[in-house]
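Structure first, then comments.
Residue numbers (this note's numbering), protein chains in the order written: chain E, 813 to 1246; chain Z, 1137 to 1304.
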């Protein structure tokens, strides 16, 4: 199979079927046993999504008439072609020839001339096209208009840097398993293997690698010396202020990065209960814990339906890493820009409040709940908590005093790229005796 | 059932011509059902497949108050027209835009229903307007095309402004 054709197929699935890259990209890998080919395919798919709104505006300028939806595969193929010419280090002649050759795989020979003409016209008129695209905000920031509007409104002083960070490649960040050794020790190990790395500020166990690499080639990965986890997510365990003998709930635990971190942070917990409503993703929690030689009680259920899974024993700590728009991790999942719809935020806010309200009774008096999202919108963060606090007089905010992030009306926000981290939101709630 | 994404002017795909439906099968019926759901969700009285980026000659209409009189229109043909009327129209691809358009007063429509059976109806008033408006969509024609050049330009500018404001 032609790699460009596979990339076009994946892009088309994302745009027309609303599937995520992490869902539909791996299934195409079966056609490409070579790791090099998989890497190229992945780079094209992620790259096209990252630059989608730029490439789309560009292609619309190059097309004399729009494409019918049944020919979306060809449309996506042209986006892949333009991406190679505008962003990749592939010789132009190869990019054009390979992209035109990919048309065959869609059984649409008629499109060969069109694809060739579009890519050649791009090369010929690149300067005029750039000038034209400068006028188009969606193209300039490579975000959909509604998202630009929301980001501007939420972060009037930082919106441009947020969108800029969203369009960057994410750093490759590790968390050292403190049960197995120190960060300094692991940095030495990496240096021995000639892997360039540095400690991540604001986190006690974070390490940033200069370049992404296959985790299995990292020393001690299989033995559980480390995990892959963004720096912002590494802040959760510390904020929970864990002590020996505590009973802890991790609601919406998958894929289990924070679950494992809590076990590493405080090995003498009475019990750590990890709940998730996705059985397949819960499997990955178990795998992760096993690799790191840690233990938690994993339960497959909707965390918000406590009658289905809760044994009635109160928790000292609850981590609610709520489902959200993931607007803080667009640099890791650029397809979010294509998959989210403006109306999603309202539904998500409802779901977040539902989970908060349902889980609150499982928390002991004097217990602490940590609410987390990877969203940058107050609608899913401080506004949800504001409503929750108004409805629950036994809940009080416990301010986070750490140096990182931006203080919000309630809780703290890290914006994408800030401290080298993903966009993340944290707020702590203490339960008091009424 | 699923909600479809409705293209918004000035999306050029609204200008595409739709092709005749060859067989009314389960796929087509699913499109029809999704179109009804989308039309009701958008509070419209009609929706053409072209607006949902599907280039097939399918239209759904329901002009009733209680939303209980769905009319499925596949491969429509307007086989007779009579008189003229001049009523205000809007369109879910042009949110907030309304203007008076000249249309035939009465039309006779021939089309296929959701089961692929041919039928003919005589329509007048709002139903007649709606049929003409939606059949236009299938040919890439928009209601603004029936307005004067001046009004068209004004509408296009207004929409451009609204889009810019959405990003503010």
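A virtual CB, placed ideally from N, CA and C, is assigned to each residue, including glycine. Note that the structure is a prediction, hence the values are computed from the model and not measured.
Checklist entry - Can you tell me whether residue 1142/E is buried or exposed, with buried defined as 16 or more other CB within 10 angstroms of its CB? => result buried
Next on the checklist: Looking at chain E, is there any beta carbon in it that lies within less than 8 Å of the beta carbon of residue 1189/Z?
Outcome noted: yes
Item to check | When 1215/E, 1227/E, 1186/E, 1164/E are compared against residue 1198/E, the one with the closest alpha-carbon | outcome: 1164/E
Next on the checklist: Using 8 Å as the threshold, is the C-beta distance between residue 1156/Z and residue 1193/Z below it?
Outcome noted: yes
Item to check | Straight-line gap, residue 920/E to residue 1190/Z (C-alpha atoms, nearest Å) | outcome: 19 Å
Item to check | chain Z residues whose Cβ lies nearer than 8 Å to that of residue 960/E | outcome: 1303
Next on the checklist: Measuring only the C-alpha atoms, how far is residue 1219/E from residue 1225/E?
Outcome noted: 7 Å
Checklist entry - Should residue 1234/Z be labelled buried (16 or more other beta-carbon atoms within 10 Å of its own) or exposed? => result exposed
Checklist entry - By Cβ distance below 6 Å, which residues in the same chain neighbour residue 819/E in space, the five residues on each side in sequence not counted? => result 853, 856, 857, 892
Next on the checklist: In whole angstroms, give me the CA-to-CA distance for residue 1225/Z and residue 1264/Z.
Outcome noted: 12 Å
Checklist entry - In chain order, what residues of the same chain have a beta carbon less than 6 Å from the beta carbon of residue 1153/Z, not counting five sequence neighbours either side? => result 1275, 1276
Item to check | C-beta neighbour in chain E for residue 1158/Z, strict 8 Å | outcome: no
Item to check | Contacts of residue 872/E in chain Z (Cβ-Cβ under 8 Å) | outcome: 1148
Checklist entry - When the cut-off is 8 Å and only beta carbons count, does residue 1290/Z lie next to chain E? => result no
Checklist entry - Quick one: what's residue 1242/E bridged to in DSSP? => result 1180/E, 1208/E
Next on the checklist: Counting only Cβ pairs nearer than 7 Å, list the residues of chain Z close to residue 949/E.
Outcome noted: 1303
Next on the checklist: Assuming residue 1040/E is part of the beta strand (DSSP E), what are its boundary residues?
Outcome noted: 1038 to 1040
Checklist entry - Taking Cβ positions, are residue 1160/E and residue 1135/E nearer each other than 8 Å? => result yes
Checklist entry - Shortest alpha-carbon distance to residue 1259/Z belongs to which of 1241/Z, 1283/Z, 1227/Z, 1206/Z? => result 1241/Z
Item to check | Contact set between residue 881/E and chain Z, taken where Cβ atoms lie within less than 7 Å | outcome: 1189, 1190, 1191
Item to check | Expected contact under 8 Å - CB spacing of residue 1182/E and residue 1051/E to nearest Å | outcome: 5 Å
Checklist entry - If you draw a straight line from the C-alpha of residue 956/E to the C-alpha of residue 997/E, how long is it? => result 44 Å
Next on the checklist: Using beta carbons (cut-off 8 Å, strictly below), is residue 878/E in contact with chain Z?
Outcome noted: yes
Item to check | Helix, strand or coil at residue 1159/E according to DSSP, with G and I counted as helix | outcome: helix
Next on the checklist: Any contact between the segment 1029 to 1045 of chain E and the segment 1090 to 1110 of chain E? By contact I mean 3 or more CB pairs, one from each, below 8 Å.
Outcome noted: yes
Checklist entry - Which residues does DSSP pair with residue 1221/Z in a beta bridge? => result 1239/Z
Next on the checklist: At a CB distance below 8 Å, what residues from the segment 1274 to 1285 of chain Z approach chain E? Give them in sequence order.
Outcome noted: none
Checklist entry - Under 8 Å between C-beta atoms, does residue 964/E make it to chain Z? => result yes
Checklist entry - In this structure, does DSSP put residue 1263/Z in helix, strand or coil? => result helix
Checklist entry - Looking only at its own chain, which residues have a Cβ that is under 6 Å from the Cβ of residue 1078/E, when we skip the five neighbours before and after it? => result 1054
Checklist entry - Who are the Cβ neighbours of residue 1110/E in its own chain at under 7 Å, not counting the five residues just before and after it? => result 1086, 1094, 1097, 1098
Checklist entry - residue 1018/E and residue 985/E: beta carbons closer than 8 Å? => result yes
Item to check | residue 984/E in three-state terms, based on DSSP | outcome: strand
Item to check | Beta carbon proximity, residue 1239/Z to chain E, threshold 8 Å | outcome: no
Checklist entry - Under a three-way DSSP split, which group does residue 1229/Z fall into? => result coil
Checklist entry - Which residues does DSSP pair with residue 1131/E in a beta bridge? => result 1062/E, 1182/E
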